[in-house]
Amino acid sequence: MQILDRQLEKTGAYVCGERFTLADIPIGLSVNRWFETPLEHPDLPAVNAYYERLSHRSGYLLYGRNGTP
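Numbering follows full-length UniProt numbering, with no gaps: position 53 of the sequence shown is 53.
This is how it looks when you write it as structure tokens:
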């Protein structure tokens with residue numbers, strides 16, 4: 001997740017830049033599972049902001065946080 005945090009600091013909103021792309025689907029699902037795993041997570045501001053952005057997307061509302069793998 002630290003690698004992703006650094007990437008998001010460079011690219012902005014999403015993995016490849018300011019626009020949501022196909023790359024964000026598997027990465028977003030991995031981020032969701034990471035947050036849902038009951039472990040202590042380091043503070044990664046860019047990943048936190050990314051997860052928040054994803055959580056407002058209609059597809060993510062249907063398939064991300066509801067537990068669908």
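For glycine and all other residues, C-beta sits at the position ideal for the given N, C-alpha and C.
With a CB to CB cut of under 8 Å and the five nearest residues on each side skipped, what residues in its chain are close to R53?
Walking along the sequence shown from the start, residue 53 turns up at place 53. Cβ neighbours of R53 beyond the five flanking positions: A13 and Y14.
In terms of alpha-carbon separation, which member of L29, E18 and R19 lies closest to L61?
To locate residue 61, count along the sequence shown from 1; it is residue 61. It is L29 whose Cα lies nearest to the Cα of L61.
Tell me which residue opens and which closes the alpha helix (DSSP H) that F35 is part of. Here residue 35 refers to the residue found at position 35 when the sequence shown is read from its first residue. Looking at the DSSP string, the run of the alpha helix (DSSP H) that includes F35 is D24 to E36.
_Using the three-state DSSP reduction, which class does G64 fall into: helix, strand or coil?_
Working through the sequence shown from its first residue, we reach residue 64 at position 64. In the structure shown, G64 sits in coil (DSSP, three-state: anything other than H, G, I, E or B).
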